Amino acid sequence: MFDNKSILITGGTGSFGKRFIRFVLDNYAPSRLIVFSRDELKQFEMQQEFNHKSMRYFIGDVRDKERLIAATKNVDFVVHAAALKQVPAAEYNPNECIKTNINGAQNVIDACISNSVDKVIALSTDKAANPVNLYGATKLASDKLFVAANNIAGANGPRFAVVRYGNVVGSRGSVVPFYRKLLNEGAKKLPVTHTEMTRFWITLDDGVSFVVKNFARMQGGEIFVPKIPSINILDLVEAMSGTREHDLIGIRPGEKLHEVMVPEEMAHHSIEFEDHFVITPAITFFEDAVNYKQNKLFEKGTQVSDKFEYHSGTNPHFLSINELIGLDQQTV
């Protein structure tokens with residue numbers, strides 16, 4: 001799919017970007033693989049690891065539409081991973097979060113339409129479903145922009161889709177490296193915001209594979225949600241420290257006790273496939289109705305029940321402590 005194609009990833013120096021680029025280089029022969037990000041030091045460091053002849057490095061910010069238009073020229077596929085993601089930081093700096101996560105999303109869309117990019121996938125988050133914090137609210141707005149972009153682009157324009165998933169094991173800013181740092185510094189107890197807290201859990205490799213497969217699946221307008229396990233925070237504490245002893249610090253600003261990836265309110269728009277769900281557009285596109293119950297890979301899905309909700313606390317699949325220990329060892 002990516003052989004002899006040009007691929008751009010915004011926020012490409014992040015944890016996901018690095019693993020995505022490694023996956024593409026290991027499995028395909030792209031003509032160009034473009035890292036678009038605003039941090040010159042991270043790009044310099046990345047060039048030491050990824051110096052394949054197809055690699056290109058563009059300094060730029062998604063807030064700058066003209067730079068995005070230049071970067072997406074003759075590009076076939078775009079992964080939009082750039083975002084301001086820290087929940088407390090977004091609460092204290094709302095305008096900055098809006099400029100990057102909403103205005104930046106629209107700039108990516110405009111650039112891709114201007115340059116007739118073939119397919120675009122935007123990375124989202126479980127916090128965009130029934131959001132209670134600004135980060136989640138901006139990502140919900142971004143999701144809506146990318147879905148509606150299919151209508152704006154027209155029948156012969158780029159196709160846009162969204163991938164929504166939960167916490168990524170070991171990614172920058174996640175709890176695992178934070179806990180590991182505390183333990184390495186000699187901490188006897190790990191901080192916990194609430195003992196009943198649950199989260200969806202996915203590895204970087206699984207996240208990358210899911211995004212790549214959805215480029216082949218997508219018809220445009222879908223929000224793809226993988227079927228992934230949940231974790232309980234105290235199970236994670238025990239897996240990493242060997243004990244459930246902890247310091248209770250209280251829920252942070254904008255933080256939820258549990259997360260949702262498919263809200264009950266969207267059940268009538270949701271289709272279940274073997275390993276994922278698809279939330280279909282709430283708007284009708286100008287062209288003939290798309291049959292989202294069969295994707296481009298000819299996988300078939302079925303409508304979920306009216307009361308269905310994909311919730312981290314009621315998820316039928318929770319990781320055991322031994323499974324969490326195994327994942328933790330993989331990310332060291």
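Numbering (the UniProt record's numbering), first residue to last: 1 to 332.
By construction, the Cβ of each residue, glycine as well, lies at the ideal position given by its N, Cα and C atoms.
Every value quoted in this text rests on a predicted model; they were computed, and no experiment measured them.
Item: Contact belief for T314 with G250 at Cβ below 8 Å, rounded distance in angstroms; Value: T314 to G250, Cβ: 24 Å. No contact.
Item: Under the three-state DSSP convention, the category I233 falls into; Value: helix
Item: V237 CB to nearest heavy atom of the ligand GDP below 7 Å; Value: The ligand content of the structure shown is nil, which means the ligand GDP is not present either.
Item: At least 3 beta-carbon pairs within less than 8 Å: the segment 172-190 vs the segment 237-254; Value: yes
Item: Spatial distance of E96 from R38 (CA atoms); Value: 15 Å
Item: Contact set for D118: own chain, Cβ-Cβ below 7 Å, skip 5 residues either direction; Value: D76, F77, P158
Item: Among V225, D110, A187, the one whose alpha carbon lies nearest that of N167; Value: V225
Item: Continuous alpha helix (DSSP H) stretch holding D23: start and end; Value: For the record, residue 23 in the displayed sequence is Phe; it is not Asp. 15-27 is the span of the alpha helix (DSSP H), which, as asked, contains F23.
Item: Distance between S174 and E245 (C-alpha atoms, nearest Å); Value: 20 Å
Item: Anticipated Cβ contact below 8 Å, H258 with H311, distance rounded; Value: 6 Å
Item: Simplified DSSP assignment, three categories, for A71; Value: helix
Item: For Y165 and I228, believed in contact at Cβ under 8 Å, the rounded distance; Value: 6 Å
Item: F215 to K256 span [Cα, whole Å]; Value: 31 Å
Item: Sequence-distant residues of the same chain with beta carbon closer than 6 Å to A137, five excluded per side; Value: P131
Item: Uninterrupted alpha helix (DSSP H) stretches inside the segment 152-221 (no shorter than 4 residues); Value: 175-184, 204-217
Item: Where I109 falls: helix, strand or coil (DSSP); Value: helix
Item: Pair within 8 Å by beta-carbon distance, A87 and Y135; Value: The question names Ala, but residue 87 in the sequence shown is Val. Cβ distance < 8 Å, so V87 and Y135 count as in contact.
Item: Residue range of the unbroken alpha helix (DSSP H) whose run includes I98; Value: 94-98
Item: DSSP state of V290 mapped onto helix, strand, coil; Value: coil
Item: Alpha-carbon to alpha-carbon, D3 and S31; Value: 7 Å
Item: Option in A153, V162, A155, G154 with minimal Cα separation from S142; Value: V162
Item: Range of the contiguous beta strand (DSSP E) that encloses M55; Value: 55-59
Item: Distance between F16 and N295 (C-alpha atoms, nearest Å); Value: 25 Å
Item: Cβ-Cβ distance between D306 and A267 below 8 Å; Value: yes
Item: Integer-rounded CB distance, given that I325 should sit under 8 Å from residue 333; Value: The question about residue 333 has no answer here: the residues shown for the chain are numbered 1 through 332.
Item: Nearest to A82 (by Cα), restricted to the options F210, G11, F178, K139; Value: G11
Item: Unbroken alpha helix (DSSP H) run spanning E49, endpoints; Value: 40-49
Item: Sequence-distant residues of the same chain with beta carbon closer than 6 Å to I233, five excluded per side; Value: V192, M197
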